[in-house]
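Novice: In the numbering used here, the protein residues as written are 642 to 1238. Ideal placement from N, C-alpha and C gives every residue a C-beta, glycine not left out.
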Amino acid sequence: MRVIEVQSYSVSNLVNNAFASSWSDDNKMAVIHDKGVHILALTPNPHSVLASLSCSRYSIKTDSSFPCSDLGIDLKKLIWNLDKDDVYKLLLDTSLSPILPKTEPINPNVKQVAWSPIIHLKDQECLLSVLTDMGSLIIYRLMNMTWVNLTSISELWIDHCKKKWSSIDTLSLKEEMAELERRGSHAKITAMCWSCCVYNNSVLFFTATKAGEISFWRIGRALKIIKTNLLHSIQSDLQMIVKVHWFSIAENAGFLLVASLEGLLKCYTIQCGTNTSDFKIKDTYSIWSERDRLKVSYMDVWKCETGELLVFVKEAFVLVFLLESTGKPVCHAVHRCSDIKISSISRVNDNSILMTTCSGRVCILYINLIKNKLQLTSQQVDNNFNLSHMACYGASLSRNKVICGIVLSANQAFDHLILRDPSQIILGTLPEIVKPLSFLQTSNESLCTMWDFLEVLRVQTIQKTFVPEIESKRAVLDTLSVGKLTLLLWMISFKLAAEEDELKLSRLKNLRNEVEILVLSCHFFKRTAILLSLENTLTLFQLQSLGLIKKWLQNLSNLDAEYSSTLTTASSLLEQVQGIQNIPSIELCSICNSDIL
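#1: Do you know how far the Cα of C834 is from the Cα of S793?
#2: In whole angstroms, what is the alpha-carbon distance linking I983 and R1148?
#3: If you drop the 5 nearest sequence neighbours on each side, which residues of the same chain put their C-beta closer than 8 Å to that of D941?
#4: Taking 7 Å as the threshold (C-beta atoms), are L768 and I779 in contact?
#5: Quick test of your reading: L719 and P1063, contact by CB under 8 Å. State the CB separation rounded to the nearest angstrom.
#6: For the alpha helix (DSSP H) holding H801, just list the boundary residues, first then last.
#7: According to DSSP, is M940 helix, strand or coil?
#8: For the alpha helix (DSSP H) holding C834, just list the boundary residues, first then last.
#9: Can we say the region 702 to 719 touches the region 741 to 754, given the rule of at least three CB pairs closer than 8 Å?
#10: In terms of residue numbering, what span does the beta strand (DSSP E) encompassing A894 cover?
#11: Measure the alpha-carbon distance for F1182 versus L1172 and round it to whole angstroms.
#12: Determine the closest residue to E892 out of T1210, Q880, S836, with distance taken between C-alpha atoms.
#13: List in chain order: all unbroken alpha helix (DSSP H) runs of 4+ residues lying wholly within the region 1100 to 1135.
#14: Please return the same chain residues whose Cβ sits closer than 6 Å to the Cβ of D991, not counting the five positions on each side in sequence.
#15: Need the endpoints of the alpha helix (DSSP H) that D1307 sits in, please.
#16: Using a Cβ-Cβ cut-off of 8 Å (strictly less than) and excluding sequence neighbours within five positions of F1107, which residues of its own chain qualify?
#17: Looking at the structure shown, is Q765 part of a helix, part of a strand, or coil, going by DSSP?
#18: Alpha carbon to alpha carbon, how far is E796 from I605? Give it in angstroms, no decimals.
#19: Please classify T910 as buried or exposed, where buried requires at least 16 neighbouring CB atoms within 10 angstroms.
#20: Answer yes or no: does any C-beta atom of chain C fall closer than 7 Å to that of Q912?
#21: Report buried or exposed for D1093, applying the criterion of at least 16 other Cβ atoms within 10 angstroms of its Cβ.
#22: DSSP three-state call for L681: helix, strand or coil?
#23: Take every Cβ of the region 1129 to 1136, pair it with every Cβ of the region 1162 to 1179, and state whether three or more of those distances are shorter than 8 Å.
#24: So, C709 versus L737, is the Cβ gap smaller than 7 Å?
#25: How big is the Cα-Cα spacing for N658 and T848?
#26: Tell me the DSSP secondary structure of R934 in three-state form.
#27: Alpha helix (DSSP H) containing Q1082: first to last residue?
#28: Whether or not the region 1033 to 1042 and the region 968 to 978 are in contact is what I'm after, with contact meaning three or more pairs of Cβ atoms, one per stretch, closer than 8 Å; do they touch?
#29: Going by alpha carbons, who is nearest to N1052 out of L1068, C1045, N1027?
#30: Compare the C-alpha of L1006 against each of L732, S856, V959, K804 and name the closest.
#31: Opposite E646 in the DSSP bridges: which residues?
#32: According to DSSP, simplified to helix, strand and coil, what is I911?
#33: Relative to the C-alpha of L681, which candidate in H688, P687, V672 has its C-alpha closest?
#34: Is it buried or exposed, D810, if we count other Cβ atoms within 10 angstroms and call 16 or more buried?
#35: With 16 other CB atoms within 10 Å as the buried threshold, where does H1164 fall?
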């Protein structure tokens, strides 16, 4: 098994954190670097003649705000009255320390990014949440080729916290300092995650604070705005939370996995709803109770045949737990990699994960349950990455696991005049894992969920490593569904981009025109059936639509007689449309007053 490199992109910023990349359901890849977030968006183009994946690139700068700078206590006044130990204590907490004169400003860094599921099916877009080490949490959306700040969760949380703060007028210096620390720990967001279940164009969002408080938000989409509601918050028994993960087990229930800086990991089985009284912690289980100070850097849960599998990473260790339906652990297994640190984990299927290490080692880790015991075995994945002066800081798989994005960055001193772009994003394929064509031919999903498959097939067609089979028999084409016809249309476009023979090009273009007519006919037939069911309540606009459809159905008679099913359907619908009264015979343009039918 090997990774086949397709192309690479240079990035001018350093990447220095493991698990720096993540892939969204709408095929965008986010990479955390020292100045913000770099985003690579897959933009499929069936007519492209380039033997490379069609991508757009964006960048989001790190938010420079300090949410904990407004805690209702004047830090600059307080610091001059504290004793030396408290001054040092205050200055060492970067999220609380004031910006003093003649000192270097603190530069926030992006700590975590997370993609939402596709909330609104119409636009098929995901939202991006970005969390900095200063506690700033902002949700972004791509609008007009720019990533726009939709809402600041951290600001909303600070406003919520302020309502609970009491007056400090009667407090002593020690008490005021303690109150400052308490407010800061409750106000600073340290972890966040999305639920994967969408309900009524909204999704649950979870945040955790330094003090261990976990908040439940409902985030919904309405046209170009976002609706954010704080539903409830609970106090966990963990401090300094570094990672949270939600796994839905029912519409209003799920596992909330919480990891602390000390290395502890707990699973809360939570019942949730729309009202505060609906939120209840039903069960609490300790998954990892050893305070080993190994921070959890990755968590994921998915269903398997015998329960739920929990996979999490601690430095060089991969730990896999089998959970009951209540969240109680049944058994577990541990795998230690042959490197100092694991840099990424991506789920391939229910029984295997793709793992990379900082040294660039790539392997598939297989998870098997044998006699009620978990067994982990690894298989090396060959690659030809140049890692002479670089380290691997992340890898993620596309929605359908067909494209692998690997992040490399310099891990030693370098001359910036010679190495202008110290980081690379390598896009490759894993052909042994997924066969794109066989999946496309057997799947009934919409093609808009399979852009990664289509892009890989287009590149392989142009590179002559894949020759698409084009169905050209009209009797067969006449029986295909609109989904299969659309897929065939993409394949014809790929073939046209790669074909050089003039005679074959002419035949392909004629076939493409006929398939386009068949695809449009399917949509026209569906729309006509809907309008005919509203015969007695048709509006003027709908009558005008029927006028256009009538014209289309009449022109379909020019199709070849071999498309008998399409012609029969068109003739039947045309007869029904002609029986409707008041369909306008002409439609005039409001500008030039000419007939547009």
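Specialist: According to the structure shown:
#1: Within the sequence shown, the letter at position 152 stands for residue 793. Within the sequence shown, the letter at position 193 stands for residue 834. When only Cα atoms are considered, S793 and C834 end up about 15 Å apart.
#2: The sequence position of residue 983 within the sequence shown is 342, counting from 1. The sequence position of residue 1148 within the sequence shown is 507, counting from 1. Roughly 52 Å separates the two Cα atoms.
#3: Position 300 of the sequence shown, counted from the start, is the residue given in the question as residue 941. Setting aside the 5 residues that flank it on each side, D941 is surrounded in the same chain by H886, L951, V952, F953, I986, R988, each with a C-beta closer than 8 Å to its C-beta; the list follows chain order.
#4: Indexing the sequence shown from 1 puts residue 779 at position 138. Indexing the sequence shown from 1 puts residue 768 at position 127. Result no, Cβ atoms of I779 and L768 do not sit closer than 7 Å.
#5: Start at 1 with the first residue of the sequence shown, and residue 719 comes out as number 78. Start at 1 with the first residue of the sequence shown, and residue 1063 comes out as number 422. Cβ atoms of L719 and P1063 stay farther apart than 8 Å, at about 41 Å.
#6: What you label residue 801 is simply residue 160 of the sequence shown in a count that begins at 1. From DSSP, the alpha helix (DSSP H) with H801 extends over 794 to 803.
#7: Mapped onto the sequence shown, residue 940 falls at position 299. Here M940 sits in strand by DSSP.
#8: Residue numbering aside, residue 834 sits at position 193 when the sequence shown is read from its first letter. Not the alpha helix (DSSP H): C834 falls in the beta strand (DSSP E), residues 830 to 840.
#9: They touch, by the three-pair rule.
#10: Taking the first residue of the sequence shown as 1, we reach residue 894 at position 253. Segment 894 to 901, the beta strand (DSSP E) holding A894.
#11: Here the question's residue 1182 lines up with position 541 in the sequence shown. Here the question's residue 1172 lines up with position 531 in the sequence shown. F1182 and L1172: Cα-Cα distance of roughly 11 Å.
#12: As a first step, residue 892 must be located in the sequence shown, where it is residue number 251. Check the Cα spacing between E892 and each of T1210, Q880, S836: the tightest is with S836.
#13: Whole alpha helix (DSSP H) segments, 4+ residues: 1115 to 1118.
#14: Sequence index remark: in the sequence shown, residue 991 carries index 350 (1-based). Excluding residues within five positions, the ones whose Cβ falls inside 6 Å are C945.
#15: Nothing can be reported for residue 1307, as the shown portion of the chain is limited to 642 through 1238.
#16: Position 466 of the sequence shown, counted from the start, is the residue given in the question as residue 1107. Counting only residues of its own chain and dropping the five nearest sequence neighbours on each side, F1107 has a CB closer than 8 Å to the CB of L1078, L1098, Q1101.
#17: The count along the sequence shown starts at 1 and reaches residue 765 at position 124. Three-state result, Q765: coil.
#18: Here the chain covers residues 642 to 1238 and nothing more, so residue 605 does not appear.
#19: If you number the sequence shown from 1, residue 910 lands on position 269. Result: buried.
#20: Going by chain labels, chain C is absent from the structure shown, which holds only one protein chain.
#21: Position 452 of the sequence shown, counting from 1, holds the residue named residue 1093. Counting Cβ neighbours within 10 Å, D1093 comes out buried, since at least 16 surround it.
#22: For the purposes of this step, residue 681 is identified with residue 40 of the sequence shown, where counting begins at 1. If DSSP states are grouped into helix, strand and coil, L681 belongs with the strands.
#23: The region 1129 to 1136 vs the region 1162 to 1179: no contact.
#24: By one-based count along the sequence shown, residue 709 stands at place 68. By one-based count along the sequence shown, residue 737 stands at place 96. Cβ atoms of C709 and L737: closer than 7 Å.
#25: For the purposes of this step, residue 658 is identified with residue 17 of the sequence shown, where counting begins at 1. For the purposes of this step, residue 848 is identified with residue 207 of the sequence shown, where counting begins at 1. Rounded to whole angstroms, N658 to T848 spans 21 Å at the Cα level.
#26: On the sequence shown, residue 934 is found 293 positions in, with the first residue counted as 1. The answer is coil: DSSP assigns R934 none of H, G, I, E or B.
#27: The count along the sequence shown starts at 1 and reaches residue 1082 at position 441. Going by DSSP, Q1082 is part of the alpha helix (DSSP H) stretching over 1077 to 1083.
#28: Cβ pair count under 8 Å is below three, so no.
#29: As a position in the sequence shown, residue 1052 is number 411, starting the count at 1. Per the Cα distances, N1027.
#30: In the sequence shown, counting from the first residue as 1, residue 1006 sits at position 365. Residue V959 is the option with its Cα nearest to L1006.
#31: The residue you call residue 646 lines up with position 5 of the sequence shown. According to the DSSP secondary-structure assignment, E646 is paired through a beta bridge with G1069.
#32: The residue labelled residue 911 in the question sits at position 270 within the sequence shown. It is a strand residue.
#33: In the sequence shown, counting from the first residue as 1, residue 681 sits at position 40. L681 has its Cα closest to that of V672, out of H688, P687, V672.
#34: Counting from one through the sequence shown, the residue named residue 810 turns up at place 169. So D810 counts as exposed.
#35: For the purposes of this step, residue 1164 is taken as residue 523 along the sequence shown, with counting starting at 1. Classification of H1164: exposed, given that the 10 Å Cβ count is below 16.
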